[in-house]
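Counting in this note's numbering, the sequence shown runs from 87 upward without gaps.
What follows is one structure encoded as structure tokens, with my remarks underneath.
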Amino acid sequence: MTRAVVIGAGPAGLACAACLKDQGAEVEILERADCVGSSWHGHYDRLHLHTVRQRSGLPRMAMPARFGKFPSRVQMIEYLESYAAHFGLEPRFGVSVAAARPSGDTWCVTHSAGETFADAVVFATGLNGTPFRAPLPGLESFPGPVLHSSDYKGPTAFAGQRVLVVGFGNSGGDIALDLAENGAHPILSVRGPVNILPHDLFGVPITSLGGLRKVLPYRWADAITAPILRAKIGRPEDYGLQSAGKGPAAQVIEDGRVPLIDIGTLGAIRAGKIETRPGIERSDGAEVSFGDGRADVVDAILLATGYRVDLRDMLPDTPQALDAAGRPRASGAPGPMPGLYFCSYRASADGQLRQTGIEAQAIADAVIGA
Numbered sequence: 087m088t089r090a091v092v093i094g095a096g097p098a099g100l101a102c103a104a105c106l107k108d109q110g111a112e113v114e115i116l117e118r119a120d121c122v123g124s125s126w127h128g129h130y131d132r133l134h135l136h137t138v139r140q141r142s143g144l145p146r147m148a149m150p151a152r153f154g155k156f157p158s159r160v161q162m163i164e165y166l167e168s169y170a171a172h173f174g175l176e177p178r179f180g181v182s183v184a185a186a187r188p189s190g191d192t193w194c195v196t197h198s199a200g201e202t203f204a205d206a207v208v209f210a211t212g213l214n215g216t217p218f219r220a221p222l223p224g225l226e227s228f229p230g231p232v233l234h235s236s237d238y239k240g241p242t243a244f245a246g247q248r249v250l251v252v253g254f255g256n257s258g259g260d261i262a263l264d265l266a267e268n269g270a271h272p273i274l275s276v277r278g279p280v281n282i283l284p285h286d287l288f289g290v291p292i293t294s295l296g297g298l299r300k301v302l303p304y305r306w307a308d309a310i311t312a313p314i315l316r317a318k319i320g321r322p323e324d325y326g327l328q329s330a331g332k333g334p335a336a337q338v339i340e341d342g343r344v345p346l347i348d349i350g351t352l353g354a355i356r357a358g359k360i361e362t363r364p365g366i367e368r369s370d371g372a373e374v375s376f377g378d379g380r381a382d383v384v385d386a387i388l389l390a391t392g393y394r395v396d397l398r399d400m401l402p403d404t405p406q407a408l409d410a411a412g413r414p415r416a417s418g419a420p421g422p423m424p425g426l427y428f429c430s431y432r433a434s435a436d437g438q439l440r441q442t443g444i445e446a447q448a449i450a451d452a453v454i455g456a
């Protein structure tokens, strides 16, 4: 019987384990936290999926209709727990993986509970690896709280305060809106060029409109949809932002960056409830200076600056599987070398959960067919 070790018990790890188990493999899941979907337990309270329920289920188990159109964070946790129970997946919790090394025709995974030998190792630790706290000049002099978006749970503690949100990804946009709707005064600092997308187009969720990319080169698809998007939401410049100079599909495929999918942030900017600023020059005490010469006194800083994935320490003998920053060169199947696979390490314009399911099935097929 084929033996596989899956590292991580989030959506990618559970999907890979379910697909492998369904094809007859013996699967061990190693998870350093004490629950499945640990990152979902830590996300901010108002978080909902941007992809519709029907396109967000993992392989072989749809999300229940009672979740509505866009499942919430709490519903996502419920779904992952139900998914694990349905497929009889029992991760070994509290087990931290130190390294995975080739050992003859197998792999040896060294972890806090000992060693495990397997025919295949699947890394499924996800894109939300280590929070990246962007270095800001003078930040050490700032007297108020400085949090990463992974530390943010809700707006209550910031009522009446001016909060600088750094970053314009979906977390930054959502959190700024959450603050604006609950008595805080958010300022969004956006350093670089951006793409913005409406939540839906002609009543269809924007993440469900991937048909053009399937029949046309992605830059052609961007060119065709650009006039429609401008008519729907305008241009980034209309909100004090800088246009990326490329379409949203190109931004995802070429840069690995998902555009902001608007759930109300743009309207709040237009209404003056969220202010926008360019990149930060420096912080001098509570006063923060920006690239356009303006300065604001703020009470708190929230870094929505994303995460970094670096697997170099965990793959010391196979550096060829990773790029210079430690990110996997391949995601899905085929893997970079026999028996080694990575799941869901590339951003997807069609939704990360949908891409996760596709990759998980491809990995299971490759492992069993090897």
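C-beta atoms are modelled at their ideal positions from N, C-alpha and C, and glycine is treated no differently.
This structure is a prediction, so every number in the text was calculated from the model and none was measured.
Which residues bound the alpha helix (DSSP H) around D237? Residue numbering aside, residue 237 sits at position 151 when the sequence shown is read from its first letter. Looking at the DSSP string, D237 is not in any alpha helix (DSSP H), and its letter there is neither H nor E.
R343 versus S158: straight-line alpha-carbon distance, rounded: Taking the first residue of the sequence shown as position 1, residue 343 is located at position 257. Taking the first residue of the sequence shown as position 1, residue 158 is located at position 72. So the two alpha carbons sit approximately 23 angstroms from each other.
Taking the CB atoms as reference points, tell me whether L389 and V252 lie closer together than 7 angstroms. Looking up residue 389 in the sequence shown gives position 303. Looking up residue 252 in the sequence shown gives position 166. One thing to note: L389 has its Cβ within 7 angstroms of the Cβ of V252.
Here's the rule: buried if 16 or more other CB atoms are within 10 angstroms of the residue's CB, otherwise exposed. What is M87? Residue numbering aside, residue 87 sits at position 1 when the sequence shown is read from its first letter. The Cβ neighbour count for M87, taken over all protein chains shown within 10 Å, is under 16; the residue is labelled exposed.
Bridge partners for D286 per DSSP, in chain order? Working through the sequence shown from its first residue, we reach residue 286 at position 200. P291.
Classify E445 as helix, strand or coil using the three-state DSSP reduction. Here residue 445 corresponds to residue number 359 of the sequence shown, with the count starting at 1. In the three-state scheme derived from DSSP, where H, G and I count as helix and E and B as strand, E445 is classed as helix.
Which residues mark the beginning and the end of the beta strand (DSSP E) in which Y481 is found? Lying outside 87 to 456, the shown extent of the chain, residue 481 is not represented and no answer is given.
Where does M400 sit, in a helix, a strand or coil, going by DSSP? By 1-based counting over the sequence shown, the position of residue 400 is 314. M400 sits in coil when the DSSP states are folded into three classes, being neither helix nor strand.
For V383, count neighbouring Cβ atoms within 10 angstroms of its own Cβ and tell me buried if that reaches 16, exposed if not. As a position in the sequence shown, residue 383 is number 297, starting the count at 1. The residue in question, V383, is exposed, as its Cβ has fewer than 16 Cβ neighbours within 10 Å.
Assuming D79 and A90 are in contact, meaning their beta carbons sit under 8 angstroms apart, how far apart are those beta carbons, in whole angstroms? The question about residue 79 has no answer here: the residues shown for the chain are numbered 87 through 456.
Can you give the beta carbon distance from P414 to L397, rounded, assuming they're within the 8 angstroms contact cut? For the purposes of this step, residue 414 is taken as residue 328 along the sequence shown, with counting starting at 1. For the purposes of this step, residue 397 is taken as residue 311 along the sequence shown, with counting starting at 1. Indeed they touch by this definition, with Cβ atoms about 7 angstroms apart.
If I follow the unbroken beta strand (DSSP E) through E361, where does it start and stop? The residue given as residue 361 occupies position 275 in the sequence shown. Unbroken beta strand (DSSP E) run through E361: 361-363.
Within this structure, are the beta carbons of A372 and P272 separated by less than 7 angstroms? Looking up residue 372 in the sequence shown gives position 286. Looking up residue 272 in the sequence shown gives position 186. Not a contact, by the Cβ cut-off of 7 angstroms.
What residue from K155, V183, P150 has the CA that sits closest to S168's CA? Translated into positions along the sequence shown, residue 168 becomes position 82. Checking every option, the nearest Cα to that of S168 belongs to P150.
What residue from Y427, D237, A386, R394 has the CA that sits closest to Q406's CA? As a working note, residue 406 is residue 320 in the sequence shown. Looking at the Cα atoms, Y427 is the closest of the given residues.
Please report how far the alpha carbon of R178 lies from the alpha carbon of I355, in whole angstroms. Mapped onto the sequence shown, residue 178 falls at position 92. Mapped onto the sequence shown, residue 355 falls at position 269. A direct Cα-Cα distance of roughly 46 angstroms separates R178 from I355.
Closest by C-alpha distance to A103, when choosing among A171, V160, R118: On the sequence shown, residue 103 is found 17 positions in, with the first residue counted as 1. Nearest of A171, V160, R118 to A103, Cα basis: A171.
For the stretch 309-395, list the beta strand (DSSP E) runs that are entirely contained and at least 3 residues long, ordered along the chain. If you keep only unbroken beta strand (DSSP E) runs of at least 3 residues inside the stretch 309-395, you get 346-348, 361-363, 366-370, 373-376, 381-383, 386-389.
Which of the three DSSP states is assigned to P97 in this structure? By one-based count along the sequence shown, residue 97 stands at place 11. Looking at P97 - three-state DSSP - the assignment turns out to be helix.
P405 - DSSP class collapsed to helix/strand/coil: Taking the sequence shown and counting its residues from 1, the one referred to as residue 405 is at position 319. In the structure shown, P405 sits in a helix (DSSP, three-state: H, G or I).
Under the three-state DSSP convention, the category L265 falls into: Translated into positions along the sequence shown, residue 265 becomes position 179. Here L265 carries a helix assignment [DSSP, helix/strand/coil].
Is L116 closer than 7 angstroms to H234 when the C-beta atoms are compared? Within the sequence shown, the letter at position 148 stands for residue 234. Within the sequence shown, the letter at position 30 stands for residue 116. Going by C-beta atoms, H234 is not nearer than 7 angstroms to L116.
Exposure label - F203; buried when at least 16 CB within 10 Å: As a first step, residue 203 must be located in the sequence shown, where it is residue number 117. Counting Cβ neighbours within 10 Å, F203 comes out exposed, since fewer than 16 surround it.
Quick check: the Cα distance between L133 and V113, rounded to an integer number of angstroms? Translated into positions along the sequence shown, residue 133 becomes position 47. Translated into positions along the sequence shown, residue 113 becomes position 27. Each residue's alpha carbon lies about 31 angstroms from the other.
So within the stretch 107-157, which uninterrupted beta strand (DSSP E) runs reach at least 3 residues, ignoring any that extend past its ends? Qualifying beta strand (DSSP E) stretches, in chain order: 112-117.
Hey, D308 and A330: beta-carbon distance below 7 angstroms or not? If you number the sequence shown from 1, residue 308 lands on position 222. If you number the sequence shown from 1, residue 330 lands on position 244. Not closer than 7 angstroms, so no.
Indicate the three-state DSSP secondary structure (helix, strand or coil) for L250 in the structure shown. The sequence position of residue 250 within the sequence shown is 164, counting from 1. DSSP places L250 in strand when its eight states are reduced to three.
Chain-order list of residues whose beta-carbon lies under 6 angstroms from that of R118 (same chain, five-residue window excluded): Along the sequence shown, one-based indexing puts residue 118 at 32. The beta carbon of R118 is closer than 6 angstroms to those of S182 in its chain, skipping five residues each way along the sequence.
Within the same chain, show all residues whose beta-carbon is closer than 8 angstroms to that of A448, passing over the 5 residues directly before and after it, in chain order. Position 362 of the sequence shown, counted from the first residue, corresponds to residue 448. G418, A419.
Among the candidates C105, R305, G377, G365, whose CA atom is the shortest distance from the CA of R277? Translated into the one-based positions of the sequence shown, residue 277 becomes position 191. For R277, the nearest C-alpha among the options comes from G365.
For M423, which of helix, strand or coil comes out of DSSP? Here residue 423 is taken as the residue at index 337 of the sequence shown, counted from 1. In the structure shown, M423 falls within a strand segment according to DSSP collapsed to helix, strand and coil.
Beta-bridge pairing of S257 - partner residues as DSSP gives them: Within the sequence shown, the letter at position 171 stands for residue 257. Answer is none; S257 lacks a bridge partner.
Where does F209 sit, in a helix, a strand or coil, going by DSSP? Indexing the sequence shown from 1 puts residue 209 at position 123. Under the three-state reduction of DSSP output, F209 falls in the strand class.
What are the boundary residues of the alpha helix (DSSP H) that L302 is part of? To locate residue 302, count along the sequence shown from 1; it is residue 216. Element bounds for L302: n/a, residue is neither H nor E.
Just to confirm my understanding: we take Q441, look at its own chain, exclude 5 residues before and 5 after, and list those with CB closer than 8 angstroms. What are they? Here the question's residue 441 lines up with position 355 in the sequence shown. Here the set comprises S430, R432, S434.
Beta bridge counterpart(s) of S189 as assigned by DSSP: If you number the sequence shown from 1, residue 189 lands on position 103. Secondary-structure assignment with DSSP links S189 through a beta bridge to T192.
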